[in-house]
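K.L.:
I have a structure here, written as structure tokens, and I will follow up with some questions on it.
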Amino acid sequence: MTQVDDRIEHHTPVPAGTSAQVATTDKVRVTTPATICGMGHRMKRKEDPRFIQGKGRYVDDVKLPGMLYMDIVRSPYAHAKILKIDASAALAMDGVLAVITGEDLKKAGNLHWMPTLMSDTQMVLPIEKVVYYAQEVCAVIATERYIAADAIEKVVVDYDPLPVVIDPFEAMKDEVLVRDDKEAKTNHIWHWEAGDKDATDKVFAAAAHVVEQKIYLPRIHVASIETCGMVANYDKVRGHMQIYMTSQAPHAHRTVFALVSGLPEHQIQIISPDIGGGFGGKVPVYPGYVCCAVASLVTGKPVKWIEDRSENLQADSFARDYHIHAEMAADASGRITGLRVKTLADHGAADAAANPSKFPAGLYSICTGSYDLKAAHVVVDGVYTNKPPGGVAYRCSFRVTEAVHMIERMADIMAHEVGEDPAAFRMKNFIRPDQFPYKSPTGWEYDSGNYQAALEKAMNTIGYSDLRREQAEKRARGELMGIGISSFTEVVGAGPSRDFDILGIKMFDSAEIRIHPTGKAMARFGTKSQGQGHETTYAQIVAEELGLPAADIQIEEGDTDTAPYGLGTYASRSTPTAGAAAAMAARKIRAKAKKIAAYLLEVGEDDLEWNVDRFQVKGSPDQVKTIQEIAFAAYTNHPPGMEAGLEAVDYYDPPNLTFPFGSYIAVVDVDSGTGEVKVRRFVAIDDCGNIINPLVVEGQVHGGLTMGLAPALFEEIVYDENGQNLTGTFADYLLPTAVESPKWETGHTITPSPHHPIGAKGVGESPTVGAPPAIANAVVDALWHLGVRHLDIPITPQKVWKALRDAGVNG
Ligand code: CDP
Numbered sequence: 001m002t003q004v005d006d007r008i009e010h011h012t013p014v015p016a017g018t019s020a021q022v023a024t025t026d027k028v029r030v031t032t033p034a035t036i037c038g039m040g041h042r043m044k045r046k047e048d049p050r051f052i053q054g055k056g057r058y059v060d061d062v063k064l065p066g067m068l069y070m071d072i073v074r075s076p077y078a079h080a081k082i083l084k085i086d087a088s089a090a091l092a093m094d095g096v097l098a099v100i101t102g103e104d105l106k107k108a109g110n111l112h113w114m115p116t117l118m119s120d121t122q123m124v125l126p127i128e129k130v131v132y133y134a135q136e137v138c139a140v141i142a143t144e145r146y147i148a149a150d151a152i153e154k155v156v157v158d159y160d161p162l163p164v165v166i167d168p169f170e171a172m173k174d175e176v177l178v179r180d181d182k183e184a185k186t187n188h189i190w191h192w193e194a195g196d197k198d199a200t201d202k203v204f205a206a207a208a209h210v211v212e213q214k215i216y217l218p219r220i221h222v223a224s225i226e227t228c229g230m231v232a233n234y235d236k237v238r239g240h241m242q243i244y245m246t247s248q249a250p251h252a253h254r255t256v257f258a259l260v261s262g263l264p265e266h267q268i269q270i271i272s273p274d275i276g277g278g279f280g281g282k283v284p285v286y287p288g289y290v291c292c293a294v295a296s297l298v299t300g301k302p303v304k305w306i307e308d309r310s311e312n313l314q315a316d317s318f319a320r321d322y323h324i325h326a327e328m329a330a331d332a333s334g335r336i337t338g339l340r341v342k343t344l345a346d347h348g349a350a351d352a353a354a355n356p357s358k359f360p361a362g363l364y365s366i367c368t369g370s371y372d373l374k375a376a377h378v379v380v381d382g383v384y385t386n387k388p389p390g391g392v393a394y395r396c397s398f399r400v401t402e403a404v405h406m407i408e409r410m411a412d413i414m415a416h417e418v419g420e421d422p423a424a425f426r427m428k429n430f431i432r433p434d435q436f437p438y439k440s441p442t443g444w445e446y447d448s449g450n451y452q453a454a455l456e457k458a459m460n461t462i463g464y465s466d467l468r469r470e471q472a473e474k475r476a477r478g479e480l481m482g483i484g485i486s487s488f489t490e491v492v493g494a495g496p497s498r499d500f501d502i503l504g505i506k507m508f509d510s511a512e513i514r515i516h517p518t519g520k521a522m523a524r525f526g527t528k529s530q531g532q533g534h535e536t537t538y539a540q541i542v543a544e545e546l547g548l549p550a551a552d553i554q555i556e557e558g559d560t561d562t563a564p565y566g567l568g569t570y571a572s573r574s575t576p577t578a579g580a581a582a583a584m585a586a587r588k589i590r591a592k593a594k595k596i597a598a599y600l601l602e603v604g605e606d607d608l609e610w611n612v613d614r615f616q617v618k619g620s621p622d623q624v625k626t627i628q629e630i631a632f633a634a635y636t637n638h639p640p641g642m643e644a645g646l647e648a649v650d651y652y653d654p655p656n657l658t659f660p661f662g663s664y665i666a667v668v669d670v671d672s673g674t675g676e677v678k679v680r681r682f683v684a685i686d687d688c689g690n691i692i693n694p695l696v697v698e699g700q701v702h703g704g705l706t707m708g709l710a711p712a713l714f715e716e717i718v719y720d721e722n723g724q725n726l727t728g729t730f731a732d733y734l735l736p737t738a739v740e741s742p743k744w745e746t747g748h749t750i751t752p753s754p755h756h757p758i759g760a761k762g763v764g765e766s767p768t769v770g771a772p773p774a775i776a777n778a779v780v781d782a783l784w785h786l787g788v789r790h791l792d793i794p795i796t797p798q799k800v801w802k803a804l805r806d807a808g809v810n811g
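Under our numbering, the letters of the sequence shown match residues 1 to 811, in that order.
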């Protein structure tokens with residue numbers, strides 16, 4: 001067995017700002033044997049046998065005795081007065097028990113409005129008017145799912161259509177008011193700034209090169225495999241509400257439900273069972289959830305509501321919809337000096353994103369990226385339009401995808417403009433490893449990084465110089481080939497709680513570990529996996545710290561009656577927060593285990609050293625107590641005066657965020673006849689600090705890259721001028737499959753986070769954030785010599801074909 005230090009003291013987190021520099025390596029750190037399977041082992045996911053055998057338990061699998069079903073009547077208009085709702089024909093149908101309207105919710109205690117997680121308000125069900133297409137208008141409750149589905153067709157709603165505003169720039173003129181319920185008669189929701197305007201203006205005034213570009217990141221939808229749903233089960237006798245729900249943040253949702261409904265929090269149990277993908281779309285509270293809970297309260301019976309695919313794609317919450325105007329300044333030697341950004345953020349009819357409350361534009365101000373700039377100034381304005389709520393952090397840490405896309409596109413435009421190879425340009429402008437911890441011009445403190453190492457590895461892996469040679473040869477023959485780079489910096493792991501809260505609830509996360517007498521364990525967390533493999537990787541962290549085999553550690557999340565309070569899983573925060581809490585709780589247990597071992601071995605604690613899964617007497621390795629022996633003694637023979645048992649809980653408030661990064665290189669071939677883009681190769685080198693499970697990380701990166709390819713080439717939610725969603729089915733909203741995806745070539749560098757107890761950073765969203773600009777840069781790289789400077793994603797064949805036609809190449 002490998003000897004390791006007792007790391008209780010060494011890895012105590014240090015406050016932000018004091019982090020020492022850390023070295024970068026390619027080697028995954030492994031300190032435990034395969035029988036224990038601690039960090040670094042490629043352990044197969046414990047949850048997979050259940051999933052691949054169809055034994056997962058999702059909300060729609062929950063069947064309770066006497067359960068009723070709910071379906072929702074939705075608006076065919078994006079903006080219209082409601083004159084009358086006539087539910088008589090629906091109520092006359094056999095099996096229909098109730099139709100719930102906005103008026104009913106109002107009578108039930110003003111439940112027709114609810115707070116959003118951004119402290120805005122959103123209609124649960126409307127009384128006066130609807131404000132987006134497919135908005136929930138009323139809910140039908142029936143004994144069978146299909147009766148409810150038939151009954152919604154029988155509800156007659158009289159609408160009086162109003163003018164619609166879909167374009168956020170038009171909305172800023174306030175000619176059509178989306179939210180006339182608000183005192184301020186304007187569509188402008190908020191104005192937000194970061195950085196130093198004067199310093200930035202000065203840098204621009206002195207610049208040798210300035211490039212500017214309008215960049216639009218379209219509205220997209222997470223489109224997870226499982227749609228949203230709920231089973232609400234109100235027990236009138238106990239006054240207890242049990243809720244099964246597709247929730248990425250069960251505790252936060254319980255608190256919101258308690259505050260809105262007036263039910264005491266201890267009488268609400270939220271169970272988030274297996275979830276088929278969340279990606280941020282299962283963080284907001286949707287009207288359907290509230291209606292379902294009210295339906296159970298009213299009927300006293302369990303009620304199930306499961307969205308269908310089109311409802312999911314047409315209502316709920318959406319991501320991106322950022323209209324960016326960016327300018328970049330550089331000096332005569334091609335060093336980037338400044339960045340000036342103005343952005344209009346289309347939030348639809350309610351600001352229902354789930355950003356931390358001090359960050360209305362999320363963490364967008366990370367937009368200086370991996371580059372060492374003198375100054376930056378970022379302005380964002382949020383605006384209402386007649387669309388469903390926007391601003392969801394779709395597999396992204398609160399608007400980081402938008403930030404990364406912008407800076408990586410701008411870096412490429414500047415590189416081409418000054419006539420430098422985009423890789424050399426980046427290498428010259430990167431923050432150097434010796435500059436960490438690095439204070440960015442917009443106020444972030446990057447914990448650690450080595451951008452040069454990641455880009456160098458990506459270039460070597462893909463054979464960058466050979467590809468550039470091939471490109472030159474092809475160009476000479478009139479063929480279009482492009483190479484695109486994205487060297488992104490991510491920011492994940494909210495808290496720290498001093499800066500991060502949602503609706504006032506501080507952003508930390510939690511772990512509770514209990515070791516049973518026989519040395520088996522149970523650990524519970526405030527986060528909630530939606531496919532990320534927490535049952536495996538959390539067990540590996542505990543195994544690493546305590547030497548218990550990962551197979552002996554059962555992981556539970558998602559039940560508010562049993563799990564410690566936490567803020568949930570989104571924005572790649574689980575590893576930086578709850579993963580850290582797992583290590584810290586385990587270290588508390590190990591500290592107690594040491595006392596028990598000292599008692600059993602009749603030595604002082606100072607005479608003991610930790611060795612993978614046991615305490616041994618220094619210089620006398622035969623005198624040992626394994627963690628299993630210690631666990632048994634904790635219940636059978638613990639020291640006098642000590643409490644029995646072996647368990648600990650930790651609420652981990654990180655001292656800083658973690659800043660994962662990576663370098664991606666895409667190679668594309670563009671068909672000049674059709675405009676079709678084919679991603680021929682894609683190399684992704686990620687750095688998420690110490691890796692808990694390389695197999696899981698590779699899986700996260702594969703999935704994330706496909707979710708990055710999607711908006712780069714295919715996905716966009718499109719509305720017509722009346723606000724109708726033209727992409728409400730998978731026939732129009734083009735999800736890529738394995739057929740459209742290239743073979744992802746993945747790799748890593750490892751630059752540990754100096755402040756995280758196990759040196760890990762988050763990874764889940766990095767590929768979704770990093771991939772779109774690599775692909776967009778590759779396409780523009782293929783066309784730059786024809787005068788094409790920029791193409792907005794999704795880069796469809798039509799857009800490329802038009803650009804080629806404008807360049808005189810075809811048509
Ligand atoms: O919050 P979320 O689980 O979506 O994201 P994450 O913290 O990036 O973790 C995604 C998965 O990758 C989890 O199972 C992590 O334990 C695993 N992971 C890892 O094995 N090593 C890392 N350095 C980071 C994440």
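Cβ coordinates follow ideal geometry from the N, Cα and C atoms, glycine included.
Is residue 831 near the ligand CDP, judged by its Cβ being under 8 Å from some heavy atom?
P.N.:
Because the chain in this structure spans residues 1 to 811, residue 831 falls outside the shown range and cannot be described.
K.L.:
In angstroms with no decimal places, state the Cα-to-Cα distance between residue 703 and residue 484.
P.N.:
As a first step, residue 703 must be located in the sequence shown, where it is residue number 703. As a first step, residue 484 must be located in the sequence shown, where it is residue number 484. One C-alpha to the other measures close to 20 Å.
K.L.:
Going by DSSP, which residues form a beta bridge with residue 710?
P.N.:
Locating residue 710 in the sequence shown gives position 710, counting from the first residue. DSSP lists no partner for residue 710.
K.L.:
Just the Cα atoms here: how many angstroms apart are residue 259 and residue 253?
P.N.:
Position 259 of the sequence shown, counted from the first residue, corresponds to residue 259. Position 253 of the sequence shown, counted from the first residue, corresponds to residue 253. About 10 Å.
K.L.:
Using only CA atoms, which one of 593, 248, 344, 339 lies nearest to residue 189?
P.N.:
For the purposes of this step, residue 189 is taken as the residue at position 189 of the sequence shown. Comparing Cα-Cα distances from residue 189 to each of 593, 248, 344, 339, the minimum goes to 344.
K.L.:
As an exercise, report each continuous beta strand (DSSP E) stretch of at least 3 residues that is fully enclosed by the region 43-81, in chain order.
P.N.:
Taking only runs of at least 3 residues, the beta strand (DSSP E) segments lying wholly in the region 43-81 are 68-74.
K.L.:
Any idea if residue 542 is buried or exposed, counting beta-carbon neighbours within 10 angstroms, 16 or more meaning buried?
P.N.:
Locating residue 542 in the sequence shown gives position 542, counting from the first residue. By the 10 Å Cβ count, residue 542 comes out buried.
K.L.:
If residue 706 sits next to residue 741, beta carbons under 8 Å apart, how far is it from one beta carbon to the other, in whole angstroms?
P.N.:
Working through the sequence shown from its first residue, we reach residue 706 at position 706. Working through the sequence shown from its first residue, we reach residue 741 at position 741. Confirmed, Cβ separation roughly 5 Å.
K.L.:
Can residue 212 be considered in contact with the ligand CDP, in the sense that its beta carbon sits closer than 8 Å to one or more heavy atoms?
P.N.:
Start at 1 with the first residue of the sequence shown, and residue 212 comes out as number 212. Not so, every heavy atom of the ligand CDP lies at least 8 Å from the Cβ.
K.L.:
Grouping DSSP H, G and I as helix and E and B as strand, with all else coil, what is residue 680?
P.N.:
As a first step, residue 680 must be located in the sequence shown, where it is residue number 680. Here residue 680 sits in strand by DSSP.
K.L.:
How many angstroms separate the CA atom of residue 420 from the CA atom of residue 346?
P.N.:
As a first step, residue 420 must be located in the sequence shown, where it is residue number 420. As a first step, residue 346 must be located in the sequence shown, where it is residue number 346. If you take the alpha carbons of residue 420 and residue 346, they lie about 35 Å apart.
K.L.:
Are there three or more Cβ pairs, one per stretch, closer than 8 Å when the region 544-559 is compared with the region 461-475?
P.N.:
No, the region 544-559 is not in contact with the region 461-475.
K.L.:
Given that a residue counts as buried once 16 or more other Cβ atoms are within 10 Å of its Cβ, and exposed if not, what is residue 11?
P.N.:
Position 11 of the sequence shown, counted from the first residue, corresponds to residue 11. With a pLDDT of 33 at residue 11, under the threshold of 50, the modelled position of this residue cannot be trusted; read the value that follows with caution. By the neighbour-count rule (16 or more Cβ atoms within 10 Å), residue 11 is buried.
K.L.:
How many angstroms separate the CA atom of residue 743 from the CA atom of residue 681?
P.N.:
Along the sequence shown, read from residue 1 onward, the residue named residue 743 stands at position 743. Along the sequence shown, read from residue 1 onward, the residue named residue 681 stands at position 681. Cα to Cα, the separation comes out at about 7 Å.
K.L.:
For residue 367 and residue 677, I'd like the C-alpha separation in whole angstroms.
P.N.:
Your numbering for residue 367 matches position 367 in the sequence shown. Your numbering for residue 677 matches position 677 in the sequence shown. Distance between the alpha carbons of residue 367 and residue 677: 27 Å.
K.L.:
Taking the Cβ atom as the reference point for each residue, do residue 686 and residue 662 lie within a distance shorter than 9 Å?
P.N.:
As a working mapping, residue 686 is identified with position 686 in the sequence shown. As a working mapping, residue 662 is identified with position 662 in the sequence shown. Cβ distance < 9 Å, so residue 686 and residue 662 count as in contact.
K.L.:
Spatial neighbours of residue 650 within its chain, please: C-beta separation below 6 Å, excluding the five flanking residues on both sides.
P.N.:
Looking up residue 650 in the sequence shown gives position 650. Within the same chain, residue 650 has close Cβ partners 511, 581, 584, 585.
K.L.:
Is the region 757-772 touching the region 172-180 in the sense that three or more CB pairs, one from each, lie closer than 8 Å?
P.N.:
Contact between the region 172-180 and the region 757-772 is absent, because fewer than three Cβ pairs lie under 8 Å.
K.L.:
For residue 52, does the count of other Cβ atoms within 10 angstroms reach 16, so buried, or fall short, so exposed?
P.N.:
Within the sequence shown, numbered from 1, the residue matching residue 52 stands at position 52. So residue 52 ends up on the exposed side.
K.L.:
What residues match up with residue 343 in a beta bridge as DSSP calls it?
P.N.:
The residue given as residue 343 occupies position 343 in the sequence shown. DSSP lists 324, 380 as partners of residue 343.
K.L.:
Closer than 8 Å: is that where the CB of residue 700 sits relative to any heavy atom of the ligand CDP?
P.N.:
As a first step, residue 700 must be located in the sequence shown, where it is residue number 700. At least one heavy atom of the ligand CDP is nearer than 8 Å to the Cβ of residue 700, so yes.
K.L.:
According to DSSP, simplified to helix, strand and coil, what is residue 543?
P.N.:
Here residue 543 refers to the residue found at position 543 when the sequence shown is read from its first residue. Here residue 543 sits in helix by DSSP.
K.L.:
If we call anything under 9 Å between Cβ atoms a contact, is residue 515 one with residue 467?
P.N.:
Here the question's residue 515 lines up with position 515 in the sequence shown. Here the question's residue 467 lines up with position 467 in the sequence shown. No. Outside cutoff.
K.L.:
On the criterion of 16 or more Cβ atoms from any shown chain inside 10 Å, does residue 805 qualify as buried, or is it exposed?
P.N.:
Locating residue 805 in the sequence shown gives position 805, where the first residue counts as 1. Classification for residue 805: exposed.
K.L.:
What does the alpha-carbon distance come out to for the pair residue 793 and residue 735?
P.N.:
By one-based count along the sequence shown, residue 793 stands at place 793. By one-based count along the sequence shown, residue 735 stands at place 735. Approximately 14 Å between the Cα atoms of the pair.
K.L.:
By DSSP, does residue 221 sit in helix, in strand, or in coil?
P.N.:
What you label residue 221 is simply residue 221 of the sequence shown in a count that begins at 1. The answer is coil: DSSP assigns residue 221 none of H, G, I, E or B.
K.L.:
Determine whether the Cβ of residue 455 lies closer than 9 Å to any Cβ atom of chain D.
P.N.:
Looking for chain D here will not work: only one protein chain is present.
K.L.:
If you check the beta carbons only, do residue 388 and residue 353 fall under 9 Å apart?
P.N.:
Taking the sequence shown and counting its residues from 1, the one referred to as residue 388 is at position 388. Taking the sequence shown and counting its residues from 1, the one referred to as residue 353 is at position 353. For residue 388 and residue 353, no; Cβs fall outside 9 Å.
K.L.:
Tell me the start and end of each unbroken alpha helix (DSSP H) in the region 541-615 that is at least 4 residues and wholly inside, in chain order.
P.N.:
Counting only runs of 4 or more, we get 580-601.
K.L.:
Once the 5 residues before and after residue 623 are set aside, which same chain residues still bring their CB inside 6 Å of it?
P.N.:
As a position in the sequence shown, residue 623 is number 623, starting the count at 1. Cβ within range, chain order: 601, 617.
K.L.:
Could you give the uninterrupted runs of the beta strand (DSSP E) lying entirely in the region 630-699, keeping only those of 3 residues or more?
P.N.:
Fully enclosed beta strand (DSSP E) runs of 3 or longer: 646-652, 661-670, 677-687.
K.L.:
Can you tell which of 577, 590, 607, 776 has the C-alpha that lies nearest to the C-alpha of residue 666?
P.N.:
Counting from one through the sequence shown, the residue named residue 666 turns up at place 666. The residue with the shortest Cα to Cα distance from residue 666 is 776.
K.L.:
Assign residue 198 to one of two classes, buried (16 or more other C-beta atoms within 10 Å of its C-beta) or exposed (fewer than that).
P.N.:
Your numbering for residue 198 matches position 198 in the sequence shown. The residue in question, residue 198, is exposed, as its Cβ has fewer than 16 Cβ neighbours within 10 Å.
K.L.:
Could you name the residues of the same chain whose beta carbon sits closer than 8 Å to that of residue 726, not counting the 5 residues immediately before and after it, in chain order?
P.N.:
For this step, residue 726 is matched to residue 726 along the sequence shown. So the qualifying residues of the chain are 718, 719, 720, 732.
K.L.:
If we count the other Cβ atoms within 10 Å of its Cβ and call it buried at 16 or more, is residue 532 buried or exposed?
P.N.:
On the sequence shown, residue 532 is found 532 positions in, with the first residue counted as 1. Looking at its Cβ environment, which holds 16 or more other Cβ atoms inside 10 Å, residue 532 is buried.
K.L.:
Cβ of residue 573 versus every heavy atom of the ligand CDP: is any distance shorter than 8 Å?
P.N.:
Within the sequence shown, residue 573 is the residue found at index 573, counting from 1. Checking every heavy atom of the ligand CDP against the Cβ of residue 573, one is found closer than 8 Å.
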